[in-house]
Amino acid sequence: MPDARLSRLADALDLPVTALAAVRAPGRVNLIGEHVDYNDGVVLPMAIDRDTLVAWTVRSDTRSTARSLDLPGLVECDADGSRGPAWGAFVPAAAAAAVALGAAPVALDLAIGSTVPAGGGLSSSAALSVALVLAHCT
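For the sequence shown, the numbering used here begins at 10 and goes up steadily by one.
Below is the structure:
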């Protein structure tokens, strides 16, 4: 069964679903270890059935925008991630990370939907970050 969020993402970008470019990043839970991986401890993460979807369309200027299906507001930043508002810091940070990885700066209109609960210990921030970087590198 197709994910109903794809239709909502397409509507947010004013595109038909068939024209969507989209990526998915799952949330995760650590079965063993928590906050020990950066101290050379053992961690066993596992992807879960909750995810973040990011859909986009390329823009012709140097600005990127992002809107969430789940939260109000619009994020605007430079395509290379050099400037953006503090409350939407994931978008310019992902753009800057993609450029650091060798991707050319690209201005995108982004729409984001997630089933990973924020603050639930299921790596919603990591899922969002991965999906945004993938969108900027694709």
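Cβ coordinates follow ideal geometry from the N, Cα and C atoms, glycine included.
CB contact flag (residue i, residue j, <7 Å)
i: residue 119; j: residue 61; result: no
i: residue 36; j: residue 131; result: yes
i: residue 112; j: residue 146; result: yes
i: residue 98; j: residue 71; result: no
i: residue 73; j: residue 29; result: no
Residue from the options whose Cα sits closest to the Cα of residue i
i: residue 68; options: 135, 133, 22; result: 22
i: residue 126; options: 70, 59, 103, 88; result: 59
Local conformation of residue i per DSSP, three classes
i: residue 115; result: coil
i: residue 134; result: helix
i: residue 10; result: In this predicted model, residue 10 has a pLDDT of only 39, less than 50, meaning its place in the structure is not dependable enough to derive any value.
i: residue 122; result: strand
i: residue 52; result: coil
i: residue 147; result: coil
i: residue 68; result: coil
Short CB-CB distance (under 7 Å) between residue i and chain C
i: residue 32; result: Looking for chain C here will not work: only one protein chain is present.
Backbone CA spacing between residue i and residue j [nearest angstrom]
i: residue 90; j: residue 25; result: 28 Å
i: residue 115; j: residue 52; result: 35 Å
N- and C-terminal bounds of the beta strand (DSSP E) containing residue i
i: residue 108; result: Looking at the DSSP string, residue 108 is not in any beta strand (DSSP E); the run it does join, the alpha helix (DSSP H), is 99-109.
i: residue 23; result: First-last for residue 23: undefined, no H or E at that position.
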